[in-house]
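As structure tokens, the structure follows; a few thoughts come after it.
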Amino acid sequence: MCGPQRATCSARVPRSELTPVQRRFLEEKRFAVVGSRNPDGSPHLAVMWYLVEDDEIVVNSADGRIKDRNLAADPRMSVMVADGYRFVRLDGRVTIDHDQSRAHEDIRRLATRYYGDERKVEEAMRNNFSKQHRISYRLPIHRVYAQGF
């Protein structure tokens, strides 16, 4: 079942790109649930900040997290952003970027998006993010499942 408005259900048929309405939905400040595969095959889910950048979804993590280990072994990732019965899910293979200059720029852009206050961003960069080895993950938007649009 795809929710109360079955006529708008498109979750079963993947698209190769976002519609303009889906892109606007993702560009609003929401949180993503990012899925990777644990070594035993079970799913690992993490709530994360994300950016829509051209035709990619960008997420960023401090090195050493479970998702980092999982994605290094198997780069398949799912990202879901939901709001009630509406959701967009993206599946694919990520590009893993360990370059610290780019990764720290990505976390700065993510912090700006989610904090919205430059003072908070600078404080987080100084006290937390700049002290960490960061990793950026870029998921090309090639397989899109959506509902409620």
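When the sequence shown is numbered by numbering that gives the first Met the number 0, its final residue is 148 and no position is left out of the sequence of numbers.
Glycine residues also receive a C-beta, built at the ideal position from the N, C-alpha and C atoms.
Taking buried to mean at least 16 other C-beta atoms within 10 Å of its own C-beta, is residue i buried or exposed?
{"i": "Y84", "result": "exposed"}
{"i": "G147", "result": "buried"}
{"i": "H54", "result": "Here the sequence assigns Asp to residue 54, which means His is not the residue at that position. By the 10 Å Cβ count, D54 comes out exposed."}
{"i": "R137", "result": "buried"}
{"i": "S77", "result": "buried"}
{"i": "L44", "result": "exposed"}
{"i": "V57", "result": "buried"}
{"i": "V120", "result": "buried"}
{"i": "V46", "result": "exposed"}
{"i": "V20", "result": "exposed"}
{"i": "A6", "result": "Low local confidence applies: a pLDDT of 44 at A6 is under 50, so the model's placement there is unreliable, with the coordinate-based value given in what follows. Exposed: under 16 other Cβ atoms inside 10 Å."}
Nearest-angstrom Cα distance between residue i and residue j?
{"i": "I134", "j": "N127", "result": "14 Å"}
{"i": "R107", "j": "D82", "result": "25 Å"}
{"i": "M124", "j": "Q131", "result": "10 Å"}
{"i": "P149", "j": "D105", "result": "The shown model of the chain, from 0 to 148, leaves out residue 149, and the question about it has no answer."}
{"i": "Y113", "j": "W48", "result": "7 Å"}
{"i": "K28", "j": "G115", "result": "10 Å"}
{"i": "N59", "j": "A102", "result": "7 Å"}
{"i": "D73", "j": "V80", "result": "22 Å"}
{"i": "E52", "j": "D39", "result": "32 Å"}
{"i": "E122", "j": "Y144", "result": "37 Å"}
{"i": "T111", "j": "E117", "result": "7 Å"}
Quick one: measure Cβ to Cβ for residue i and residue j, integer angstroms, because I've assumed they're closer than 8 Å.
{"i": "A71", "j": "I95", "result": "7 Å"}
{"i": "D90", "j": "R22", "result": "D90 to R22, Cβ: 17 Å. No contact."}
{"i": "L25", "j": "V87", "result": "6 Å"}
{"i": "M50", "j": "L109", "result": "As written in the sequence, residue 50 is Leu, which differs from the Met given in the question. About 6 Å; that satisfies the 8 Å criterion."}
By the DSSP assignment, the beta strand (DSSP E) with residue i in it spans what residues?
{"i": "H43", "result": "42-47"}
{"i": "D82", "result": "75-82"}
{"i": "Q146", "result": "142-146"}
{"i": "F128", "result": "Counting along the chain, F128 falls outside any beta strand (DSSP E), and DSSP gives it neither H nor E."}
{"i": "P139", "result": "133-139"}
{"i": "L25", "result": "Unbroken run through L25 is the alpha helix (DSSP H), 19-26; no beta strand (DSSP E)."}
{"i": "S60", "result": "55-61"}
From what residue to what residue does the alpha helix (DSSP H) around residue i run?
{"i": "L109", "result": "99-114"}
{"i": "D67", "result": "65-72"}
* **Cβ contact check for the stretch 25-40 and the stretch 51-69: 3 or more pairs under 8 Å** => Touching, yes.
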